[in-house]
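Notes follow once the structure below has been shown.
In our numbering, the protein residues as written are 33 to 411.
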């Protein structure tokens, strides 16, 4: 076999639940490519939340770094991940490293790849709020990752344009759509029960809150807004899969645990969560991924943030930015319910992709790593 005929070693790195959701389609697709030897490295940044996804998507880590420790600061986590990934990647000898999104796992993967002189491919590249404090530390993570990456898979044209304004080589930027939509369509095609019984005649409101900038007083204000909406709309039933973060769960249970139509449940597996998004009258969330998924499903979402790196969701008419003001949450929730009763649903949006992002990413990787060469990617 000639040297250029060898399978290319591609390492996919993920550590959180959203990253596993959005990289699993890539791992599955690369596993079926004769030109690729795919290795899946799991940092375990979200072990309990991410592990159930392996069976759902039919993937399993080849390497588990087990990097989380109790009470670990963001700086400690970043340091541990960079060292662990540097060692793991050194042993794997990859031709390319792929990671998705904006967590500390992604920043560490980008840094470790750079230190080893290995091309880094950033999936979901180019998202920006241009505020380093919102989201924190994700905005800084993704900006840094962009300037360490050799290949940029932008989910939308707006994301591509952000990269070009920052001086990224246009030839290194590829608009692919978002692999989260690929995963969503896969999940939607597998019938899953909601797992939570909703009383007849009641409308479901799905709630998710986890972002660091909403910890503390903002979270209490969000709970106050939900309480007001609950009290003013007796036909609503709220389902809140509560994030286990100690800065989130105790506060939510103390604020809302006594309300009979607010169901505080453990985090839902991905299939039931997709079923809940499809079933919901609307969603209250600070999640970026939920904005994408809700847009694709046509489920309205009130975004519990003042700024979003996903303007396409707002422009599509599916999402509204309302922040954490209790009065705004109650007012906009009630207004949305009125709108849903008087206006027909609009067409489903493909603002974040058509379900073929993974195929486009694999095609670009083949061209960059096989038709050209890994060395050319770094040039």
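Beta carbons: idealized from backbone N, C-alpha and C, even for Gly.
- Residues of the same chain with a CB within less than 8 Å of the CB of residue 372, apart from the 5 flanking positions on each side, are 313, 314, 332 in chain order.
- The straight-line gap separating the alpha-carbon atoms of residue 228 and residue 143 is approximately 42 Å.
- Annotation for residue 173: the continuous alpha helix (DSSP H) segment containing it runs 170-178.
- Under the three-state reduction of DSSP output, residue 384 falls in the coil class, being neither helix nor strand.
- With fewer than three CB-CB distances shorter than 8 Å, the region 51-60 does not count as touching the region 94-113.
- Here residue 156 carries a coil assignment [DSSP, helix/strand/coil].
- Within the region 207-279, the runs of beta strand (DSSP E) that reach at least 3 residues and sit entirely inside it are, in chain order, 235-240, 268-273.
- Between residue 211 and residue 138, the beta carbon gap of about 14 Å keeps them out of contact (Cβ cut-off 8 Å).
- It is roughly 12 Å from the alpha-carbon of residue 256 to the alpha-carbon of residue 294.
- In this structure, DSSP gives residue 58 a helical state, which the three-state scheme calls helix.
- Leaving aside the five residues that flank residue 402 on each side, the residues in its chain whose CB is nearer than 7 Å to its CB run, in chain order, 40, 67.
- Bounds of any beta strand (DSSP E) do not take in residue 323; it lies within the alpha helix (DSSP H) bounded by 320-329.
- Within its own chain, the residues whose Cβ lies closer than 7 Å to the Cβ of residue 323, once the five positions on either side in sequence are excluded, are 333, 335, 340, 342, 345, 351, listed in chain order.
- Beta bridge pairing from DSSP links residue 283 with no other residue.
- When DSSP states are grouped into helix, strand and coil, residue 399 belongs to the helix group.
- Of the other Cβ atoms in all chains shown, fewer than 16 fall within 10 Å of the Cβ of residue 125; this residue is therefore exposed.
- Between the region 213-225 and the region 380-393 there are three or more C-beta pairs closer than 8 Å, enough to call the two in contact.
- Measuring C-alpha to C-alpha distances from residue 190 to each of 395, 347, 407 identifies 347 as the nearest.
- The three-state secondary structure of residue 357, taken from DSSP, is coil.
- Judged by DSSP in its simplified three-state form, residue 345 adopts helix.
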